[in-house]
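63 is the number of the first residue of the first sequence in this note's numbering; add one for each residue after it. Don't be surprised by glycine CBs; every beta carbon is placed ideally from N, CA and C. No experiment lies behind these values; they were computed from the predicted model shown. What follows is a single structure, written as structure tokens, with notes after it.
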Amino acid sequence: MNSIPKEICDRFAAHLYKWAEDYPRQLPWKGERDPYRVWLSEILLQQTQVSRGIIYYDAFVSRFSSIEALAAASDDDVFKLWEGLGYYSRCRNMLKAARLIVNELDGRFPSTYSEILKLPGVGPYTAAAIASFAFGEPKAVLDGNVYRIYARFFGVDLIPNAAKSKSHFQNLADQMLDRENPARFNQALMDFGATHCTPRNAKCETCAVRDLCFAFQHNRVEELPRKKTPIKKRERRFAYLVITDESDQTLLLKRPEGDIWAGLYSFPLIECDENHIFEKELETFLSQSGLEVLNSVQHSSKQYKQTLSHQKIFGSFYGIRVNSVSHYRLLAETAYESVAWSSLGDVAFPRMIRQYLEDRFSSLFEF
DNA sequence: CAATCGTGGTT
DNA sequence: TAACCAAGATT
């Protein structure tokens, strides 16, 4: 690949720094050097808008003031704090990394890019961010903002994140980085992308580098970066069984690895495909459950819909009254648990289940 | 390496 | 509305 003239790099950086002074952006983690806090913010911000990340960052910092405190917390408590943010494997990997650092690295956060990169849940972007922000190492971040800025600035006609094009963008980013001030440069670049060189309605009229910008000069700002081909969404139908007994216990299960919402809790569910009729499945489930059913369908909810990145979930909830959930056949040997109804407010649920509980039972949780 | 993993903001 | 996409990582 051709190298970028030094003059271009220098002029870009100078304009970028001037822009950052003209458009200050205050964020809770800005200028932060504590690697724990930098790491925490970057994990929370993966595929997450800054405005939402701030809310969870404040909650996590307030609850866990050190990596030792985080490492010592229970999985369920941390998942509860993460509830609603999505991409829950981040939460699981965050806990793994915290415990690894505390238990095996004597609490010392790794201080180089290559060592940081080994942490669970830390990929090239996050490692570069932590290395530059917390340790001043000259590593160029490559996130959605950076893809967009350089796709436009250099007129790169490649789809971002495709494995083949990533190395091209990384090469550009590496050359453009101000190696004397990596933290300042990375921060300003992402701020610029997030607020000025935006996906739509980019503020080209007040952009100081537009004279150098390929997309602006060729009137292709709206076309770049190239869009990813849209994904097909699998449709799934979940029938949740809200089973309660006379002691106000209910059945929950912890969702396993390998499917959505791993690590969160759920009511037992019957997944209905086209060929399976819910009523028959329910009859089979109950007859094999060991439960003494008092009222097989005490109530049924409306149908909830939730669109995920790769799936569209249709969910309905069916209230079932039994004598005692402790008779459930799989309780002892599987991920199923008997939980007091009054404690459901402390359980981490997927959005759809939390929504159902609020719709139907909000008065019981003192929200 | 292309598919998978959530949820909500924005237009 | 529906598409786009957000400080990506993992498999």
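For Asp335, the closest of Gln88, Glu343 and Cys266 by C-alpha to C-alpha distance is Glu343. In the DSSP assignment, His258 falls outside any beta strand (DSSP E), carrying neither H nor E.
Spatial neighbours of Leu348 in its own chain (CB-CB distance under 7 Å, excluding positions within 5 residues in sequence) are listed in chain order as Val355 and Ser358.
Scanning its chain for C-beta atoms nearer than 6 Å, with the 5 sequence neighbours on each side dropped, one finds around Ala264 the residues Val283, in chain order. When secondary structure is reduced to three states using DSSP, Ser351 falls in the helix class.
When C-beta atoms of the segment 286-306 are compared with those of the segment 217-230, three or more pairs fall below 8 Å, so the two segments count as touching. For the pair Ser363 and Tyr390, the Cα-to-Cα distance works out to about 23 Å. Glu395 has its alpha-carbon roughly 17 Å from the corresponding atom of Phe329.
Going by beta carbons, Val401 and Asp307 fall outside the 8 Å limit. With a 10 Å radius around the Cβ and a threshold of 16 neighbouring Cβ atoms, Lys201 comes out buried. In this structure, Tyr418 is the residue among Tyr398, Tyr418 and Ala397 with its C-alpha nearest to the C-alpha of Gly407. Below 8 Å, enough C-beta pairs join the segment 129-136 and the segment 157-175 to call them touching: three or more. Note that the segment 95-114 touches the segment 175-190; at least 3 beta-carbon pairs, one per stretch, sit closer than 8 Å. Residue pairing by DSSP puts Val304 in a beta bridge opposite Gly381. Residue pairing by DSSP places Ile375 opposite Arg298 and Gln368 in a beta bridge.
Secondary-structure assignment with DSSP links Val401 through a beta bridge to Thr312.
As summarised for the segment 185-233, the continuous alpha helix (DSSP H) elements at least 4 residues long and confined to that stretch are 186-197 and 206-216, given in chain order. With contacts defined by Cβ atoms closer than 8 Å, Gly381 and Cys153 do not form a contacting pair.
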